[in-house]
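The numbering of the sequence shown is the working numbering, which starts it at 35 and goes up by one. C-beta atoms are modelled at their ideal positions from N, C-alpha and C, and glycine is treated no differently. Have a look at the structure below before the remarks.
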Amino acid sequence: MTGVPGGDDDVVQIQQGNKPGDPFVITVNCPDKTGLACDICRIILDFGLCIVKGDASTDGVWCYIVLWVIPHSILLPMSCLKERLQAICPPCLASFYLVQKPMTSSPVYLLKFCCLNRKGLLHDVTKVLCELELTIQKVKVTTTPDGSVLDLFFITDNMELLHTRKRQDETRERLDVVLQDSCISCELQLAGPEYEYNQGMSSLSPVLAEELFRCELSDNEVRSQALSPDMTKLKKTNILYGRFSPNAKGYRDLDIFIQQKDGKKILDSGKQSALCSRLKLEMLHPLRVIIANRGPDTELLVANPVELSGKGRPRVFYDVTYALKTLGICVFSAEVGRYSASEREWEVYRFLLDENCEFQLTGVVARNQIVDRVRRTLMGW
35 MTGVPGGDDD VVQIQQGNKP GDPFVITVNC PDKTGLACDI CRIILDFGLC
85 IVKGDASTDG VWCYIVLWVI PHSILLPMSC LKERLQAICP PCLASFYLVQ
135 KPMTSSPVYL LKFCCLNRKG LLHDVTKVLC ELELTIQKVK VTTTPDGSVL
185 DLFFITDNME LLHTRKRQDE TRERLDVVLQ DSCISCELQL AGPEYEYNQG
235 MSSLSPVLAE ELFRCELSDN EVRSQALSPD MTKLKKTNIL YGRFSPNAKG
285 YRDLDIFIQQ KDGKKILDSG KQSALCSRLK LEMLHPLRVI IANRGPDTEL
335 LVANPVELSG KGRPRVFYDV TYALKTLGIC VFSAEVGRYS ASEREWEVYR
385 FLLDENCEFQ LTGVVARNQI VDRVRRTLMG W
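Written as C-alpha cells, this is what we have:
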C-alpha cells in the first residue's frame, strides 16, 4: 500500500508517454470512497480518452489507482484533466476527511434557442456544450411545421461559472459560430418550473419496454435482470484489487478480487453464480439500442442503467447524434428521461427520426445499420 501523499496536489499525477503514441499514465493516490473508481472512469470518458490498461488496490481506507489511457475522441484539453480528477477525490487530511461537507447539486440552467433545421445541427450544438464542459441534464427538441427547431437544453456547468456574465457570453459566442445565420433566437437563464415539468417523458408501451429492457444474453446464458435473492445479498461487497489489461487476441482480461463487507470470502456457489451472471450481463450489454415504430414514424431508443450515484452514462447524447450525423439522418424530435424497469432505474434517450432524409428508414437492413452504427459509436468501437 502506497503511503499518504504530501498534499492534495500529489493526489493525481499524469505522466505523458515517452514517445508519440504511448499512453498517458494517470495515478490516483487518495482516501477511498464508494464509487470513486467509477467516478474517475466517467471523467476520463468525458475527456474523450480510452483506458487500455488499469490497476487498482484498496484496503477500504486508502486506494491506489493507475490507469493507462490513449486519446479516442478528444473534446476537452488534457490540461484540465488533473483538476477535474482532484475535485472528486476525498481530501487527504484526516481531520477534513471526517467532516467533509456533503456534495451540493449544481444549479440547472436552461439554454433555449430556435433556428432553422439542418443535418448535424443537434450534434454540432452538443459538441460545443461538451467542449465548454457543460453537462446536459435534460433535453427537449421539437421541429415546428415551418421547418425550424426549438431546442431546450437543461445544463449544469462543471466549472461552476455559468452564473457569471463572462461565462454566459462565451457560451453564446461559441453557439453563434455553429448556428450562424440560421439562429432566430437564443436565451440562457436559470431553469425555473419548466425543468421539473420536463422531468417526465412520453410513456413507453409495455411491448416497447419489454423489447428495450429485456435480457439479451444467449439462451444458455439467460438470467433475469431483476436481482435474485443471492444477488441482493451480494450488494454489500468490497473490491480489494482489480486489474484490467489487453491480451494478444484483442480481448480484455479483467481480474477482480472481492470480499463481503464482513471480510469473509464468497464461498457459496449460488452467490458466486449470481455474481458472475450479473457481471457478464453488465459487461456484454451495458446499454440497449433499438428502433421501433411510433405510429407512422420511426423512433430510435437508447437506454442505459443509472448508477448508484444517480448519474447516467456520460456522452450518450453526443455519441448518438454523432452517429446519426455520419449517416446523414436528421432528428425530428428528441427527449431524455428516466424510467424504472427490472428493479432498477434507466436513462432513456428517444429520437424521432426525420423521414425526409436521404437514408431510407423503413427497410430492415437500414434499421439494423442504424442500430449497429449507434451501438458501435457508444461502445467506442
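- In this structure, L386 lies away from A375, with their beta-carbon atoms at least 9 Å apart.
- The shortest CA-to-CA distance from A71 to any of S91, F58, F81 is the one to S91.
- A distance below 9 Å separates the beta carbons of L335 and R384.
- Residue pairing of G371 in beta bridges, as defined by DSSP: V382.
- The Cβ atoms of Q306 and N272 lie no closer than 9 Å to each other.
- Taking a contact to require three or more Cβ pairs closer than 8 Å, the region 74-83 and the region 110-127 qualify as touching.
- Secondary structure at I77: helix, using DSSP grouped into helix, strand and coil.
- The three-state reading of DSSP puts D66 in coil, since its state is none of H, G, I, E or B.
- Here F393 carries a coil assignment [DSSP, helix/strand/coil].
- In the DSSP annotation of this structure, the continuous segment of the beta strand (DSSP E) that includes A337 starts and ends at 331-339.
- Apart from the 5 residues on each side of it in sequence, D185 sits with its Cβ closer than 6 Å to the Cβ of F147, V175 in its chain, given in chain order.
- If you check the CB distance, T160 and D388 do not come in under 9 Å.
- Collapsing the DSSP output to three states places C149 in a strand.
- Assignment of L288 by DSSP, reduced to helix, strand and coil, places it in the strand class.
- In the DSSP annotation of this structure, the continuous segment of the beta strand (DSSP E) that includes D191 starts and ends at 182-191.
- Check the Cα spacing between D89 and each of W96, V95, L101, C97: the tightest is with L101.
- The DSSP-derived three-state label of I170 is strand.
- The three-state secondary structure of P240, taken from DSSP, is helix.
- Membership of E207 in the alpha helix (DSSP H) is indicated by the continuous run 199-213.
- Given a length threshold of 3 residues, each whole run of the beta strand (DSSP E) inside the region 90-131 is given here in chain order: 96-105.
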